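Structure record follows, encoded as structure tokens.
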Amino acid sequence: MTAETGIGGTFSTVADPIEVVEVALEATFRLRRRVLRADRVDLDLRMPDDAVDGAFHVAVLGADGKAVGVATAMPTPELPFDAEPPAWRIRQMAVDPAVQGTGIGAALFVAVVQRIRERGGATVWAESRDTSVGFYLARGMSVVAGHAHRSGGVDYTDVVMRLGRSEDRQPL
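Numbering of the sequence shown is given in numbering that gives the first Met the number 0, commencing with residue 0 and proceeding in unit increments.
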């Protein structure tokens, strides 16, 4: 087994199984700040929908117990586009830059979608930073036409994936 050092501390490389665990909201803050909000320290790390009933937070932890990858998902009863309910949103997904490309983001995505399926979700969506759209497309999501915007100096595009009814669901 080899080890590397990143923002989250020392961790095993992707050759080892990547474990995704549910964590408290606050366990996501450090990585959210460093990866998503480093230039906007004026912004609160607690998002309004973090506490939506049913929301959950997941992480991949380094050997030091600090998150090297995080994501949040929550049910979204109202969508900005037409989609099959119930819909869930992936939000605040971040991976330590030192370990991007090692499978941590993919493991987070698969774990989040699996949990959404277990909760009966039919649609999963995200407001993807334009720099991350390729990541989501590679996992089977599609761009929502006409749903791009700019906020806080960052360009976003909505992406969506239909999970379908349980008898129609296909593995990722």
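Don't be surprised by glycine CBs; every beta carbon is placed ideally from N, CA and C. Since the structure is predicted, the reported quantities are computational estimates derived from the model, not experimental observations.
Candidates the options: closest to residue i by CA position
i	options	result
Arg31	Ser141, Arg90, Val112	Arg90
Gly102	Arg138, Asp129, Ala54	Arg138
Ala70	Gly64, Asp63, Leu107	Leu107
Leu24	Arg33, Val34, Asp48	Asp48
Ala86	Val98, Arg114, Met92	Arg114
Paired residues, beta bridge with residue i - DSSP
i	result
Ala94	For the sequence presented, residue 94 should be read as Val rather than Ala. The partner list for Val94 (beta bridge, DSSP) reads Gly68.
Thr208	This structure gives no information on residue 208, because the portion of the chain shown stretches from 0 to 171.
Phe28	According to DSSP, which records beta bridges pairwise, Phe28 is partnered with nothing at all.
Glu21	Val57
Pro74	Trp87
Whole-angstrom distance between residue j and residue i, CA atom to CA atom
i	j	result
Pro84	Glu77	9 Å
Arg116	Arg161	11 Å
Arg128	Pro16	28 Å
Arg29	Ala66	8 Å
Leu60	Ala72	18 Å
Glu3	Asp63	Any answer about Glu3 is weak, because its pLDDT of 45 lies below 50 and its placement is not dependable; what the coordinates show is given next. Cα-Cα distance, rounded: 12 Å.
His148	Glu18	33 Å
Ala121	Pro96	31 Å
8 Å Cβ cutoff met for residue i and residue j
i	j	result
Ala54	Val159	no
Phe80	Asp154	no
Val51	Glu21	no
Val112	Val123	yes
Gly68	Gly100	no
Tyr135	Ala144	no
Which whole runs of the alpha helix (DSSP H) in the stretch 127-157 are 4 residues long or more, in chain order? 132-136
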